[in-house]
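Everything on this sheet refers to the single structure shown next.
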Amino acid sequence: MKVFEKLVFPNGSEIPNRIAKAAMEENMADLNHAPSEELMRLYQAWADGGVGLIITGNVMVDRRAMTGPGGVVLEDEQHLESFKRWAQISRSKGAQAWLQINHPGRQMQSNLGQETWAPSAIALDLGKMSDRFNTPIEMNQAMIQEVIDRFANTARLGEKAGFTGVEIHAAHGYLLSQFLSPLSNKRQDQWGGSLENRARILIEIVKAVRAVVADTFTVAVKLNSADFQRGGFSAEDAQQVVQMLNGLAVDLVELSGGSYEAPAMQGQARDGRTLAREAYFLEFAQEIRKVAKMPVMVTGGIRRIQVAEQVIESGVDMVGIATALAIEPNLPHQWQQGQNTAPELKPIHWKNKTLASLANMATVKFQLRKLSLGKRPNPKVSPAWALILQQAAMARRTRLYKNRMRHYSAAC
Ligand SMILES: Cc1cc2nc3c(=O)[nH]c(=O)nc-3n(C[C@H](O)[C@H](O)[C@H](O)COP(=O)(O)O)c2cc1C
């Protein structure tokens, strides 16, 4: 069974099977933005479950730029001991553990009270919910350099904490994905315009990260196979970016798709294309596979062993799984033992796609919360109820975050 064969990365490191726990933002950091006890318990469940690779939920490179309140931040050595434990737990049963590192750019809620940076001063278009996000400030050269340095710094600290790699998040409409897309990047300098220019920040970050970590440390990139928006980052663009990454000692490219504006990663692209199959981006991944020199992973919609096998047999090297592993962390062991477990949530058929996407995220986070408390997940939970609970938790964490940031600014 190919899914349970080991994979060797270009840097020579190995993983025991082809299943990765894909990144899921947990919003479970402690008040210092460090991994909490809940997070440790959650990652123990995934380590015990038998995945070959654990990619953390996105970890911020700057505490002023958060994808959400309660997010983990790694920007200095103050709480490195907690990160060491997190890495150790994640690796305790033989999986590799990578930190996913990220900057939200314009996808940061305005109620966090921070300045919003982006390639261009173009606000998110989320219909009635657009006012939850600031119109961003166009980043200047110094801001761009600061972000590049911060990604490298977080990767360096991640290696010091004992993680075996990092995944640079350049997908889902966050900052690097904003630079890549001609819809959110209207710059006329060396960071905008041609694809080469739009990809420059990603390339510079990969180089900066590589320069500060060991050769044996794994460096991966999560990339959109497309934005699923007319005039956005296209499948052809994705192929060309992978070709640019080919020469840069990148050990894996993970393919996903979409953004807050078009949440294709949840199977909800506005054009409906990704809904066609269970592994949403498989066709794209097969095209990328043809040009990629590094292993390729596809994430989105995979929850059955037959589909995971089909993906691997099609030549794609790894499967990334998020939702199904939030419902059943023991999935790899169950599959290996011949069980046909196929975890699934209640489908959400709401008209408002933005709200449906939020409810989907909330329903998955509900499962993460259960696991973090040592309890069994409940995939049958009502999405509306999960959304209400999630909104209440976010409001509380937002208050805590703002309080904390007031103290932080006063101390600086
Ligand atoms: C609750 C939740 C949080 C997520 N957080 C992240 C994240 O931090 N970084 C990321 O790259 N993707 C994130 N994703 C997207 C997943 O990694 C994955 O691409 C997506 O859920 C599709 O895979 P699935 O169908 O197996 O869930 C998140 C998804 C969910 C449901």
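Residues in the sequence shown are numbered consecutively from 1, following full-length UniProt numbering. Idealized CB from N, CA, C, for every residue including glycine.
Three-way DSSP call (helix, strand, coil) for residue i in this model
| i | result |
| --- | --- |
| Met-394 | helix |
| Leu-252 | strand |
| Lys-380 | coil |
| Trp-117 | strand |
| Ile-348 | coil |
| Lys-21 | strand |
| Leu-400 | helix |
| Arg-170 | Checking the sequence, you will find Ala at residue 170 rather than Arg. The answer is strand: DSSP assigns Ala-170 an E or B state. |
| Phe-133 | strand |
| Gln-109 | strand |
| Glu-138 | strand |
| Ala-410 | helix |
| Leu-7 | strand |
| Gly-320 | strand |
| Val-59 | strand |
Inter-residue spacing [alpha-carbon to alpha-carbon] between residue i and residue j
| i | j | result |
| --- | --- | --- |
| Tyr-408 | Lys-6 | 45 Å |
| Pro-343 | Leu-387 | 20 Å |
| Gln-88 | Ala-23 | 18 Å |
| Ile-19 | Gly-320 | 6 Å |
| Gly-158 | Arg-64 | 19 Å |
| residue 418 | Gln-100 | Past the boundaries of the shown model lies residue 418; the chain is included only from 1 to 412, so the question cannot be answered. |
| Ala-34 | Ala-410 | 20 Å |
| Gln-109 | Glu-115 | 10 Å |
| Arg-397 | Gly-232 | 33 Å |
| Leu-42 | Lys-186 | 41 Å |
| Ser-184 | Asn-340 | 42 Å |
| Pro-329 | Asp-48 | 8 Å |
| Thr-216 | Val-8 | 12 Å |
| Glu-81 | Met-66 | 22 Å |
Opening and closing residue of the alpha helix (DSSP H) in which residue i lies
| i | result |
| --- | --- |
| Lys-353 | 353 to 372 |
| Trp-46 | 37 to 49 |
| Thr-323 | 323 to 327 |
| Asn-246 | 235 to 246 |
| Ala-279 | Unbroken run through Ala-279: none, as it is neither H nor E. |
| Lys-293 | Looking at the DSSP string, Lys-293 is not in any alpha helix (DSSP H), and its letter there is neither H nor E. |
| Glu-81 | 80 to 91 |
| Ile-205 | 200 to 212 |
| Pro-332 | 331 to 336 |
| Ser-177 | 175 to 180 |
For residue i, the first and last residue of its enclosing beta strand (DSSP E)
| i | result |
| --- | --- |
| Thr-164 | Per DSSP, Thr-164 belongs to no beta strand (DSSP E) and is neither H nor E. |
| Val-73 | Where Val-73 is concerned, there is no enclosing beta strand (DSSP E), given that its DSSP letter is neither H nor E. |
| Ala-97 | 96 to 102 |
| Ala-220 | 218 to 224 |
| Ser-302 | With the sequence shown as reference, residue 302 is identified as Ile, and Ser is not the correct amino acid for it. First-last for Ile-302: undefined, no H or E at that position. |
| Ile-54 | 53 to 55 |
Cβ-Cβ separation, residue j to residue i (assumed contact under 8 Å), whole Å
| i | j | result |
| --- | --- | --- |
| Ala-171 | Leu-223 | 6 Å |
| Ile-168 | Val-213 | With 8 Å as the limit, Ile-168 and Val-213 do not qualify as a contact, their Cβ atoms being about 12 Å apart. |
Check: residue i C-beta below 7 Å from any heavy atom of ligand 2
| i | result |
| --- | --- |
| Gln-391 | Ligand 2 is absent from the structure shown, which contains only ligand 1. |
Inset, instruction - Mind the definition here: the stretch 121 to 137 touches the stretch 84 to 95 only if three or more C-beta pairs lie below 8 Å; say whether that holds. - result: Between the stretch 121 to 137 and the stretch 84 to 95 there are fewer than three C-beta pairs closer than 8 Å, too few to call the two in contact.
Legend entry - Validate contact between the stretch 229 to 241 and the stretch 179 to 197 using beta carbons, cut 8 Å, 3 pairs: Contact between the stretch 229 to 241 and the stretch 179 to 197 is present, because at least three Cβ pairs lie under 8 Å.
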